[in-house]
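For reference, the structure is listed below as C-alpha cells.
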Amino acid sequence: MKHKGRYGDYGGYYVPEVLIGVLEELEEAFDRFRDDPAFVAELAELSTHYAGRPTPLYHAKRFSQHVGFRVYLKREDLLHGGAHKVNNTLGQGLLAKYMGKTKLIAETGAGQHGLATAMIGALLGMETKIFMGVTDVERQSVNVHKMKLCGAEVVPVEGATGTLKDAINDALRYWTAHVTDTFYLFGTAAGPHPYPTIVRHFQTCIGIEARRQCIEQAGRLPDLVLACIGGGSNAIGIFAGFLDDKDVKLIGVEAGGRGLRTGQHAASLVAGTPGILHGARAYLLQDENGQVLDTESVSAGLDYPAVGPEHCYLKDTGRAEYVAAEDEEVLETFGLLARIEGILPALESTHALAYVAGLKGKLDPDTVVLVNLSGRGDKDVGIVEQHRPLT
Ligand SMILES: Cc1ncc(COP(=O)(O)O)c(C=O)c1O
Numbered sequence: 006m007k008h009k010g011r012y013g014d015y016g017g018y019y020v021p022e023v024l025i026g027v028l029e030e031l032e033e034a035f036d037r038f039r040d041d042p043a044f045v046a047e048l049a050e051l052s053t054h055y056a057g058r059p060t061p062l063y064h065a066k067r068f069s070q071h072v073g074f075r076v077y078l079k080r081e082d083l084l085h086g087g088a089h090k091v092n093n094t095l096g097q098g099l100l101a102k103y104m105g106k107t108k109l110i111a112e113t114g115a116g117q118h119g120l121a122t123a124m125i126g127a128l129l130g131m132e133t134k135i136f137m138g139v140t141d142v143e144r145q146s147v148n149v150h151k152m153k154l155c156g157a158e159v160v161p162v163e164g165a166t167g168t169l170k171d172a173i174n175d176a177l178r179y180w181t182a183h184v185t186d187t188f189y190l191f192g193t194a195a196g197p198h199p200y201p202t203i204v205r206h207f208q209t210c211i212g213i214e215a216r217r218q219c220i221e222q223a224g225r226l227p228d229l230v231l232a233c234i235g236g237g238s239n240a241i242g243i244f245a246g247f248l249d250d251k252d253v254k255l256i257g258v259e260a261g262g263r264g265l266r267t268g269q270h271a272a273s274l275v276a277g278t279p280g281i282l283h284g285a286r287a288y289l290l291q292d293e294n295g296q297v298l299d300t301e302s303v304s305a306g307l308d309y310p311a312v313g314p315e316h317c318y319l320k321d322t323g324r325a326e327y328v329a330a331e332d333e334e335v336l337e338t339f340g341l342l343a344r345i346e347g348i349l350p351a352l353e354s355t356h357a358l359a360y361v362a363g364l365k366g367k368l369d370p371d372t373v374v375l376v377n378l379s380g381r382g383d384k385d386v387g388i389v390e391q392h393r394p395l396t
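Take 6 as the starting number for the sequence shown in the numbering used here and just add one per residue.
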C-alpha cells in the first residue's frame, strides 16, 4: 500500500491476508475516483437533490438563552434518512458502482448507517445486506423496518452484547468469504485503512459548510466545536473544517453512561488504552489481558468499545479534547431541546448537547459554540419514553 493510513501510532490495517488485496483495490479506486470529474459531479448532484445538502446552521436562541452563551446547531438531522450517515453512504455507494461491484454489505448500531446504506442500495439497484446486533435490532426497530422497506436484508447478530462490535465482526467475516462482488460500506471513520481516510473525506462537507455558515451568521469563527463520538465520523467531519484554526477548541463527547447489565460505559478515548480491534490500532476499552470489554450505552450509535485512529492522534497531540456525558444528563437534555426548541435530537447527538448544557453559566455570553446535530431522535422516542414516561 502506498500510504499506510497511520495517524501517529494509530490506524493501519491489521486484517486477515485475504482482505489485504481488497483493501488495496479499495484504496486505489478511492485515489482514482475521488477527484474524477464524473464521480465528483454525480456525488454533488445526489448530495444536493437526494440527500439535501447544504444543511442549515441554526442559531438555537432559546437554548442559548438557557445556557447563557451563543449556540449554533449544524442540522445534519435534516438530511434524508435523518443523520449524517448519508454523506458517507452516497460517496462509498458511488465508489462501489464505479468499481463495478454489485452487492453492498454494512454494519449498523443505531440503524442510521444501515438505513443510509439500504437507501443507497435501493437508489443504485444493488443487493444490500445489513448486519445488526440483536440488542440493537430490538431497541432501534423503527430503523429495521425502514431498512427492510428499502429492500435490504437485515441479519441479526448474537455475539457478546448484540451491539455494534458484534455486527462489525460478522460483517468482516462475511466479507472475507465474498470479496469478489461485494463492497463493504463501512459506517464510521474507524476500521482498517483506507476506511478512516475514505469516511473522513465524505464527511468533511459538514465542517466546510459549518465554517462558512458560522462566519456568515455569527460574524466569526466559533470558540468551541462539539460533536458526539461513536466511531468518530460525524466528529471528524465537522472537526476537519477547523483543524487549522488553532484558536477553535474541538471537543468530542463520548458515552459515559454505564448500563445496568455490564456496569461498563463506552468512553474509549476518555478511559481506554491503545490496542487493536476491527483492523486498526486505536484507544480501546479492554481488560489487562487485552480482552475487549462489553459496553452499554443508552445510545446504540455510541455503544462501541473503540474509536477511529485520527481521534486517538488528536487526543495525544492535544488538538482535540475528549469528554463523556452520562445517560441521565443526556435524557434530560433530550427533553429540554424538545421543549424549548421543538427539536428531537438523536440520543447520540444529545451527548454533545448535554455537555454544552453542563457549561451553563460557565462561559462568557459572547462565546460562540457550534454543535453538530448529527441526527434526529425519532428512532429514540420509545427509549426516552421507557426512561422518562410522559405524564
Ligand atoms: C445520529 C448519529 N450520530 C452519531 C453516531 C455515531 O457515529 P459516528 O461517531 O461515526 O458519527 C451515530 C451512529 O449510529 C448516529 O446514528
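Glycine residues also receive a C-beta, built at the ideal position from the N, C-alpha and C atoms.
Nothing here was measured: the structure is a model prediction, and the numbers come from that model.
Residue i versus the options, residue with shortest Cα-Cα distance
{"i": "Thr-355", "options": "Phe-35, Gly-167, Val-376", "result": "Val-376"}
{"i": "Leu-120", "options": "Lys-106, Met-137, Met-104, Thr-107", "result": "Met-137"}
{"i": "Pro-201", "options": "Thr-372, Gly-116, Phe-35", "result": "Phe-35"}
{"i": "Gly-87", "options": "Tyr-19, Ala-357, Ala-351", "result": "Ala-351"}
{"i": "Arg-217", "options": "Pro-61, Arg-381, Gly-313, Ala-43", "result": "Pro-61"}
{"i": "Val-275", "options": "Glu-333, Glu-334, Glu-259, Lys-134", "result": "Glu-259"}
{"i": "Pro-21", "options": "Asp-141, Glu-112, Trp-180", "result": "Trp-180"}
{"i": "Asn-174", "options": "Leu-282, Ala-194, Glu-214, Gln-97", "result": "Leu-282"}
{"i": "Asp-14", "options": "Ala-285, Ala-311, Ile-388, Arg-263", "result": "Ala-285"}
{"i": "Gly-380", "options": "Leu-83, Gly-26, Gly-73", "result": "Leu-83"}
{"i": "Phe-89", "options": "Ala-232, Leu-226, Ser-69", "result": "Looking at the sequence itself, residue 89 is His, so the reference to Phe does not match. Selected option, being the one with the closest Cα: Ala-232."}
{"i": "Thr-267", "options": "Asp-250, Leu-368, Val-303", "result": "Val-303"}
{"i": "Ala-227", "options": "Pro-59, Thr-372, His-54, Arg-37", "result": "In the sequence on display, residue 227 carries Pro and not Ala. The option with the nearest alpha carbon to Pro-227 is Thr-372."}
{"i": "Ala-272", "options": "Leu-265, Phe-247, Leu-255, Leu-298", "result": "Leu-298"}
{"i": "Gly-192", "options": "Gly-235, Arg-37, Arg-225", "result": "Gly-235"}
{"i": "Asn-239", "options": "Phe-207, Val-159, Glu-112", "result": "Phe-207"}
{"i": "Ala-245", "options": "Leu-265, Ala-287, Ala-194, Glu-221", "result": "Ala-194"}
{"i": "Gly-257", "options": "Leu-378, Leu-342, Thr-168", "result": "Leu-378"}
{"i": "Gly-1", "options": "Glu-221, Asp-249, Asp-332, Pro-314", "result": "Lying outside 6 to 396, the shown extent of the chain, residue 1 is not represented and no answer is given."}
{"i": "Val-184", "options": "Met-104, Asp-249, Cys-210, Thr-122", "result": "Met-104"}
{"i": "Gly-96", "options": "Ser-52, Val-312, Glu-353, Glu-221", "result": "Ser-52"}
{"i": "Gly-413", "options": "Thr-209, Val-374, Arg-11, Arg-39", "result": "No information on residue 413 is available, as it lies outside the stretch 6 to 396 that the chain covers here."}
{"i": "Pro-310", "options": "Ala-101, Lys-170, Thr-209", "result": "Lys-170"}
CB-CB length for residue i against residue j, believed under 8 angstroms
{"i": "Lys-320", "j": "His-198", "result": "In fact, because the Cβ distance is near 19 angstroms, the residues do not count as touching under 8 angstroms."}
{"i": "Lys-106", "j": "Thr-187", "result": "7 angstroms"}
{"i": "Gln-291", "j": "Gly-280", "result": "5 angstroms"}
{"i": "Ala-157", "j": "Gly-126", "result": "6 angstroms"}
{"i": "His-316", "j": "Ile-388", "result": "So it is not a contact: roughly 26 angstroms between Cβ atoms."}
{"i": "Thr-122", "j": "Thr-94", "result": "5 angstroms"}
{"i": "Val-328", "j": "Gly-237", "result": "About 14 angstroms separates the two Cβ atoms, so there is no contact after all."}
Straight-line gap, residue i to residue j (C-alpha atoms, nearest Å)
{"i": "Leu-128", "j": "Ala-115", "result": "21 angstroms"}
{"i": "Gly-196", "j": "Arg-393", "result": "35 angstroms"}
{"i": "Val-204", "j": "Ala-325", "result": "19 angstroms"}
{"i": "Lys-7", "j": "Glu-30", "result": "Reliability of the predicted coordinates at Lys-7 is poor, the pLDDT of 42 falling under 50, and no value is obtained from them."}
{"i": "Ile-348", "j": "Asn-294", "result": "44 angstroms"}
{"i": "His-71", "j": "Val-361", "result": "11 angstroms"}
{"i": "Gln-269", "j": "Thr-300", "result": "5 angstroms"}
{"i": "Val-142", "j": "Pro-161", "result": "7 angstroms"}
{"i": "Glu-81", "j": "Pro-42", "result": "26 angstroms"}
{"i": "Arg-75", "j": "Cys-219", "result": "11 angstroms"}
{"i": "Val-139", "j": "Asp-308", "result": "13 angstroms"}
{"i": "Leu-78", "j": "Met-124", "result": "25 angstroms"}
{"i": "Gly-2", "j": "Lys-108", "result": "Lying before the first or after the last residue shown, residue 2 is absent from the chain, which here runs from 6 to 396."}
{"i": "Leu-358", "j": "Tyr-63", "result": "14 angstroms"}
{"i": "Asp-385", "j": "Lys-367", "result": "30 angstroms"}
{"i": "Glu-334", "j": "Gly-340", "result": "10 angstroms"}
{"i": "Leu-229", "j": "Gly-363", "result": "14 angstroms"}
Environment of residue i [buried if 16+ CB atoms lie within 10 Å]
{"i": "Leu-154", "result": "exposed"}
{"i": "Glu-390", "result": "exposed"}
{"i": "Arg-67", "result": "exposed"}
{"i": "Lys-365", "result": "exposed"}
{"i": "Ala-49", "result": "exposed"}
{"i": "His-150", "result": "exposed"}
{"i": "Val-45", "result": "exposed"}
{"i": "Gly-16", "result": "buried"}
{"i": "Gln-296", "result": "exposed"}
{"i": "Tyr-189", "result": "buried"}
{"i": "Ile-25", "result": "exposed"}
{"i": "Gly-212", "result": "buried"}
{"i": "Ser-69", "result": "buried"}
{"i": "Glu-214", "result": "buried"}
{"i": "Gly-261", "result": "buried"}
{"i": "Tyr-19", "result": "exposed"}
{"i": "Arg-344", "result": "exposed"}
{"i": "Ala-287", "result": "buried"}
{"i": "Ala-112", "result": "Reading off the sequence, residue 112 comes out as Glu, not Ala. The residue in question, Glu-112, is buried, as its Cβ has 16 or more Cβ neighbours within 10 Å."}
{"i": "His-118", "result": "buried"}
Min CB distance residue i to chain D below 8 angstroms
{"i": "Gly-73", "result": "You won't find chain D in this structure, because it holds only one protein chain."}
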